[in-house]
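In this note's numbering, the protein residues as written are 171 to 307.
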């Protein structure tokens, strides 16, 4: 537990992809929470080896969109990758999702090789995870 300057107690609970915007939905069918977020793959990379667009932030990687599920929003299980951009500027981030029957439908702020930067994408991409509940283990 941490304390705020006013003395109130708070608890910081890390979540996969919590370094950027993420989206959580509760699924009443499975009674699970579903988390859509950006996956950082190498938080230990040296700043001099990073692309200029990463601004010396190891977790500022935006090209992999991941899906997790949880019973309690504390312990997360990896369900899979939704989308991966082929180059660093091909971002897949700041996504939102909704249930569509047995599928998850997802809109992602995205980019391709022509994007100004990984952050400043030039596309909105649509993704569908068919029968997403089968990913539960």
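Glycine included, every Cβ here is placed at the ideal spot set by N, Cα and C.
- Query: At what residues does the beta strand (DSSP E) containing residue 185 begin and finish?
  - Reply: Within the chain shown, numbered from 1, the residue matching residue 185 stands at position 15. Looking at the DSSP string, residue 185 is not in any beta strand (DSSP E), and its letter there is neither H nor E.
- Query: For residue 216, which option in 205, 230, 208, 206 has the closest C-alpha, if you only look at C-alpha atoms?
  - Reply: Taking the first residue of the chain shown as 1, we reach residue 216 at position 46. Comparing Cα-Cα distances from residue 216 to each of 205, 230, 208, 206, the minimum goes to 230.
- Quick one: grab the DSSP three-state call for residue 172. Residue numbering aside, residue 172 sits at position 2 when the chain shown is read from its first letter. Strand, per DSSP.
- Query: Among residues of its own chain, excluding the 5 on either side of residue 264, which ones have a beta-carbon nearer than 6 Å to its beta-carbon?
  - Reply: Residue 264 sits at position 94 when you count from the first residue of the chain shown. The beta carbon of residue 264 is closer than 6 Å to those of 191, 279 in its chain, skipping five residues each way along the sequence.
- Item | Contacts around residue 248, its chain only, beta-carbon distance under 6 Å, and the 5 residues preceding and following it disregarded | The residue labelled residue 248 in the question sits at position 78 within the chain shown. 238, listed in sequence order.
- Query: How should residue 253 be labelled, buried or exposed, when 16 other C-beta atoms within 10 angstroms of its C-beta is the threshold for buried?
  - Reply: Numbered from its first residue, the chain shown carries residue 253 at position 83. That one is buried.
- Query: Going by other Cβ atoms of all chains shown within 10 Å of its Cβ, with 16 needed for buried, is residue 233 buried or exposed?
  - Reply: For this step, residue 233 is matched to residue 63 along the chain shown. Its Cβ being crowded by 16 or more others within 10 Å, residue 233 is buried.
- Expressed to the nearest angstrom, what Euclidean distance is found between the alpha-carbon atoms of residue 255 and residue 276? Position 85 of the chain shown, counting from 1, holds the residue named residue 255. Position 106 of the chain shown, counting from 1, holds the residue named residue 276. Roughly 15 Å separates the two Cα atoms.
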